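Residue numbers (the working numbering), protein chains in the order written: chain H, 183 to 397; chain X, 183 to 397; chain U, 183 to 397; chain R, 183 to 397.
One structure is given here, and the rest of the page talks about it.
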DNA sequence: CAATAATCGAGACGGTACGTCACGTCTTCTT
DNA sequence: AAGAAGACGTGACGTACCGTCTCGATTATTG
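So, in structure tokens, the structure goes:
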């Protein structure tokens with residue numbers, strides 16, 4: 183459930199299931215707005231995206247947009263998370279190496295697809311708008327990181343990884359290079375990069391466990 | 183030498199030292215513009231930065247800005263690189279671990295300083311402006327990466343690192359997590375992160391040399 | 183009714199009294215703009231008049247001006263005609279000579295007043311903008327000329343003037359010298375000029391009726 | 183000799199025929215500027231005419247224009263009078279009627295030609311620039327009016343016109359309607375208008391001599 | 001079934017910044 | 001010293017969106 187659509191729904195809940203009086207919010211408009219937002223975001227960057235254009239594209243009054251989303255950032259964050267919910271689940275193959283590299287390959291595939299433009303817009307816009315980057319963290323990064331913790335834990339339980347490792351360091355080492363290549367575009371970001379990265383980092387984790395545990 | 187100031191200077195060179203006719207460009211204005219750009223960039227983000235405000239702050243006509251920089255991006259890129267030239271050199275302590283972690287600590291220090299806002303603006307803005315991100319690569323990333331290659335090579339020569347490693351993979355593994363934490367801000371980015379990262383990755387490199395050489 | 187305000191009103195009429203959708207035009211702004219236009223026109227000439235200044239003086243967004251008037255000329259024409267409607271009616275004294283010279287005196291009085299600056303601006307600007315001069319003709323010249331025709335006709339009916347005279351020639355002979363002195367300022371334009379002119383021309387008309395009817 | 187080009191020539195005269203030191207003024211540039219001014223004035227109106235464009239068209243530095251003409255008005259006035267010197271002389275046929283109507287026909291012909299655009303620009307621009315209208319009076323109107331006085335005087339001497347007439351009233355009555363039709367364009371301005379006008383006004387003068395002499 | 005209430009679309013509003021153009025002045029080298 | 005070249009600070013241009021507002025119309029709940 184998107185963050186900024188709560189006003190009247192909250193009232194509804196408080197009133198014990200009763201609807202607020204007046205014309206109810208148009209679900210049709212809401213979806214058209216989110217759809218147009220994603221569409222235009224893929225065509226232009228975040229700064230070029232205008233609420234004027236979104237409203238026009240969605241055949242909706244400008245005020246309807248402003249009624250439900252306080253800023254362009256909130257709208258984009260909503261649109262993004264509405265479209266990001268179902269993807270990028272972690273597999274469970276019985277091997278940490280395999281689980282991680284498979285998921286990382288998925289991520290790279292997403293980054294290279296049309297959807298990547300939206301992520302780039304979010305991360306780019308987020309550099310000047312804390313709300314945007316927070317939305318990315320909370321709706322995209324954290325849910326996946328929770329799953330990643332479990333995946334790593336399974337590896338520890340199976341003895342593939344030493345106990346006591348710094349999971350955040352490990353995961354940032356695995357994903358950081360992907361994000362870096364995605365955002366800076368200084369080198370190719372293809373799926374085999376996931377394998378090489380996975381090999382390098384997970385072997386490093388195994389070896390330097392003593393250092394980690396000493397921290 | 184900044185990119186967008188070449189027009190008339192090039193002519194000068196071609197003409198064998200002769201100056202172009204007409205009033206020469208005001209070096210004073212040029213520097214005032216770059217100074218104001220950096221100053222305002224630190225106060226607001228890249229999208230909020232307006233050429234109008236830069237010109238006003240620099241006591242300069244708007245047209246003078248547009249005469250020399252085609253876009254806000256080009257201006258910011260110039261301002262950034264004019265201020266980034268001298269820093270972040272690599273040390274040479276006789277140990278790869280030490281050399282790298284020292285430099286990475288410097289980078290983190292920069293990212294956490296006022297200058298970090300400019301980098302974030304550049305990378306953020308760059309997500310919707312290829313010119314900006316290219317400027318970052320060419321004027322910031324590449325020069326340092328050249329030095330990093332040499333640092334790694336010294337490690338190989340000294341036997342600290344195996345020969346035949348994938349330097350780009352290694353360096354992205356070292357720096358990627360820093361950039362990720364800097365841009366996504368999902369976890370603390372302090373200088374000790376550099377040491378942990380360095381330990382993890384360089385040990386990983388040593389162990390997985392066979393994998394790398396097999397590629 | 184001013185020319186450039188018709189768009190939405192016309193729709194209203196076509197729709198049988200129904201209003202166009204959307205926020206209706208602000209009558210307050212419209213009048214403030216016209217008022218400021220006249221005010222500034224009296225202070226400076228037509229070329230010096232800037233839409234920027236009008237908008238500022240009227241406490242109005244620049245876009246509001248451009249929304250309703252395509253050019254500065256159209257705006258000035260509207261402002262002029264909004265202020266010119268009620269004046270300079272022709273008297274009916276029972277004597278052509280008296281009627282004409284009284285009205286011509288009024289005209290000279292207007293030309294010598296503050297309002298004269300606006301007329302001069304209109305006629306001056308009109309030399310490079312057909313729209314402006316057309317506005318002057320249609321909203322100022324023609325309405326008065328209609329009345330002048332009737333005044334002359336009354337003179338003919340009463341036998342003061344010969345039938346079959348060229349009314350346009352007559353009226354241009356009466357008013358042309360006034361306009362000429364007003365615009366070229368080569369000689370004094372005072373009210374007694376009206377009497378002298380009237381005497382000369384109307385006597386001329388009486389005498390040269392034969393020439394006119396022979397045309 | 184144009185008004186604003188006097189600075190150095192005056193010095194020359196004071197110095198007793200000696201030339202000022204330094205590079206002499208380029209006659210070529212001066213003429214190119216005047217030529218381009220007229221050319222562009224015929225293409226666009228006075229307000230649209232830009233010194234920038236004149237300098238470019240004349241292949242001349244902008245400063246050269248500003249060095250010799252203080253304002254656009256002065257330049258246009260100069261250009262106009264440089265081109266108006268030789269025309270519109272009064273004939274001497276032995277008949278006032280004929281002399282006047284021939285000259286008025288000439289004037290109408292000029293007004294309808296390309297040169298008319300320049301006159302319109304001058305009179306139009308002059309409504310907001312006293313310098314311009316003064317230039318028109320002094321370099322165009324007065325010289326011709328002097329000749330017109332003589333023409334009328336010849337008529338009086340020959341007994342065609344009564345003595346003691348108001349020459350300025352007479353001439354304004356003859357020319358005012360032409361200027362009015364030229365500037366307001368409310369009715370056709372063809373050469374036969376000169377004859378009708380001449381007939382009407384000169385007959386009027388003959389009849390109302392008593393009124394005039396009574397003034 | 002009316003009254004009330006909040007939504008919807010449309011689009012005008014006062015603003016801010018855009019990128020361009022011409023202004024009149026200046027600084028340089030060349031003639 | 002005047003020439004051309006052309007950069008300079010200035011300020012208006014007309015445009016695009018901003019976020020807010022005022023309309024009539026629509027769609028629900030409440031009395």
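By construction, the Cβ of each residue, glycine as well, lies at the ideal position given by its N, Cα and C atoms.
Computed from a predicted structure; not experimentally measured.
Report task. Answer yes if the region 361 to 379 of chain R comes into contact with the region 278 to 294 of chain R, meaning at least three C-beta pairs across the two stretches below 8 angstroms, and no otherwise. Result -> Judged by Cβ distances under 8 angstroms, the region 278 to 294 of chain R makes contact with the region 361 to 379 of chain R, as three or more pairs qualify.
Requested in this report: Using a threshold of 8 angstroms, state whether the C-beta atoms of residue 385 of chain U and residue 386 of chain R are closer than that.
Outcome: In this structure, residue 385 of chain U lies near residue 386 of chain R, with their beta-carbon atoms less than 8 angstroms apart.
Query - Reference residue 306 of chain X; option with closest CA among H:357, H:227, H:354 - result: Ranking H:357, H:227, H:354 by Cα distance to residue 306 of chain X puts H:227 first.
Query raised in the report: Does the Cβ of residue 357 of chain U have 16 or more other Cβ atoms within 10 Å, making it buried, or fewer, making it exposed?
Result: The residue is buried, with at least 16 neighbouring Cβ atoms inside 10 Å.
Query raised in the report: Which first and last residues belong to the alpha helix (DSSP H) in which residue 214 of chain U is found?
Result: Where residue 214 of chain U is concerned, the enclosing alpha helix (DSSP H) starts and stops at 209 to 225.
Query raised in the report: Between residue 253 of chain U and residue 342 of chain U, is the Cβ-Cβ spacing less than 8 angstroms?
Result: In terms of Cβ geometry, residue 253 of chain U and residue 342 of chain U do not form a close pair [threshold 8 angstroms].
Query - Closest by C-alpha distance to residue 224 of chain R, when choosing among R:300, R:319, R:372, R:260 - result: Taking residue 224 of chain R as reference, the option from R:300, R:319, R:372, R:260 with the minimal CA-CA separation is R:300.
Requested in this report: Mind checking the region 345 to 362 of chain U against chain R and listing, in chain order, the residues whose C-beta falls within less than 8 angstroms of any C-beta there?
Outcome: For the region 345 to 362 of chain U, the set of residues with a beta-carbon nearer than 8 angstroms to any beta-carbon of chain R comprises 348, 350, 351, 352, 354, 355, 357, 358, 359, 360, 361, 362, in chain order.
Query raised in the report: What is the DSSP secondary structure of residue 342 of chain U, reduced to helix, strand or coil?
Result: Coil, per DSSP.
Query - Neighbour list for residue 227 of chain H in chain X, Cβ cutoff strictly below 8 angstroms - result: Going along chain X in sequence order, the residues near residue 227 of chain H (Cβ under 8 angstroms) are 309, 310, 311.
Query raised in the report: Under a three-way DSSP split, which group does residue 234 of chain R fall into?
Result: Helix at residue 234 of chain R.
**Report entry** Status (buried if at least 16 other CB within 10 Å, exposed otherwise) for residue 363 of chain H
**Finding:** Taking all protein chains in view, the Cβ of residue 363 of chain H is crowded by 16 or more other Cβ atoms within 10 Å, so the residue is classified as buried.
**Report entry** Three-state class that DSSP yields for residue 312 of chain R in the structure shown
**Finding:** The three-state reading of DSSP puts residue 312 of chain R in helix, counting H, G and I together.
Query - For residue 381 of chain X, three-class secondary structure by DSSP - result: DSSP, reduced to helix, strand and coil, places residue 381 of chain X within a helical segment of the structure shown.
Query raised in the report: Taking only beta-carbon atoms, is residue 233 of chain R less than 8 angstroms away from chain U?
Result: Not closer than 8 angstroms to any Cβ of chain U, the Cβ of residue 233 of chain R fails to qualify, so no.
**Report entry** contact_flag[the region 256 to 265 of chain X, the region 317 to 326 of chain X] where n(CB pairs < 8 angstroms) is 3 or more
**Finding:** Taking a cut-off of 8 angstroms on C-beta distances, the region 256 to 265 of chain X touches the region 317 to 326 of chain X, as three or more cross pairs fall below it.
Query raised in the report: Within 10 angstroms of its Cβ, does residue 241 of chain H collect 16 or more other Cβ (buried), or is it exposed?
Result: With fewer than 16 neighbouring CB atoms inside 10 Å of its own CB, residue 241 of chain H falls in the exposed class.
Query raised in the report: Do residue 369 of chain H and residue 311 of chain X have their C-beta atoms closer together than 8 angstroms?
Result: Not closer than 8 angstroms, so no.
Query - Helix, strand or coil at residue 290 of chain R according to DSSP, with G and I counted as helix - result: Look at residue 290 of chain R here: in three-state DSSP terms it is helix.
**Report entry** Local conformation of residue 159 of chain X per DSSP, three classes
**Finding:** A question about residue 159 of chain X goes unanswered here, because the residues of chain X that appear run from 183 up to 397.
Report task. Using a Cβ cut-off of 8 angstroms, pull out every chain U residue sitting near residue 369 of chain R, in sequence order please. Result -> Scanning chain U for C-beta atoms nearer than 8 angstroms to the C-beta of residue 369 of chain R yields 350, 354, reported in chain order.
Query raised in the report: Looking only at C-alpha atoms, which of X:233, X:205, X:203 sits nearest to residue 217 of chain X?
Result: Closest by alpha carbon: X:233.
Query raised in the report: In its own chain, which residues sit with a C-beta less than 8 angstroms from the C-beta of residue 273 of chain R, not counting the 5 before and 5 after it?
Result: Counting only residues of its own chain and dropping the five nearest sequence neighbours on each side, residue 273 of chain R has a CB closer than 8 angstroms to the CB of 280, 281, 284, 285.
**Report entry** Expected contact under 8 angstroms - CB spacing of residue 246 of chain H and residue 277 of chain H to nearest Å
**Finding:** Cβ-Cβ separation between residue 246 of chain H and residue 277 of chain H: approximately 50 angstroms, too far for a contact (criterion under 8 angstroms).
Report task. Measure from the C-beta of residue 287 of chain X to each C-beta in chain H and report whether the shortest distance is under 8 angstroms. Result -> So no, residue 287 of chain X is outside the interface.
Query - Minimum C-alpha distance to residue 302 of chain H - residue among X:236, X:359, X:309, X:338 - result: Proximity to residue 302 of chain H across X:236, X:359, X:309, X:338 peaks at X:309, based on C-alpha coordinates.
Query raised in the report: So, is residue 361 of chain X buried or exposed, given that buried needs 16 or more other C-beta atoms within 10 angstroms?
Result: Residue burial is scored here from C-beta neighbours: residue 361 of chain X has at least 16 other C-beta atoms within 10 angstroms and is therefore classed as buried.
Report task. Give the DSSP-derived three-state secondary structure of residue 404 of chain X in the structure shown. Result -> The structure shown does not extend to residue 404 of chain X, since chain X spans only 183 to 397, so no value can be given for it.
Query - Whole-angstrom distance between residue 244 of chain X and residue 222 of chain R, CA atom to CA atom - result: Those two C-alpha atoms are separated by around 29 angstroms.
Query raised in the report: Is residue 242 of chain X helix, strand or coil by DSSP?
Result: Reduced to three states, the DSSP call for residue 242 of chain X is coil.
**Report entry** Among H:251, H:353, H:264, H:275, the one whose alpha carbon lies nearest that of residue 297 of chain H
**Finding:** Closest by C-alpha distance to residue 297 of chain H, out of H:251, H:353, H:264, H:275, is H:264.
Query - Distance, residue 239 of chain R Cα to residue 248 of chain H Cα - result: Taken atom to atom, the span from the alpha-carbon of residue 248 of chain H to that of residue 239 of chain R is near 52 angstroms.
Query - Under 9 angstroms by beta carbon: chain H residues contacting residue 270 of chain X - result: Here the premise fails: no neighbours, minimum Cβ distance about 16 angstroms.
Report task. Enumerate in chain order the residues of its own chain whose CB-to-CB distance from residue 383 of chain X is below 8 angstroms, with the five nearest sequence positions on each side excluded. Result -> Taking C-beta separations shorter than 8 angstroms and ignoring five residues to either side along the sequence, the partners of residue 383 of chain X in its chain run 352, 355, 356, following chain order.
Query raised in the report: Shortest alpha-carbon distance to residue 271 of chain X belongs to which of X:324, X:220, X:251?
Result: Of the candidates X:324, X:220, X:251, the one whose C-alpha sits nearest the C-alpha of residue 271 of chain X is X:324.
Query raised in the report: Once you ignore the five residues that flank residue 231 of chain R on each side, which residues in its own chain have a CB closer than 8 angstroms to its CB?
Result: Counting only Cβ-Cβ distances below 8 angstroms, and skipping sequence neighbours, we find 219, 222, 223, 254, 258, 303.
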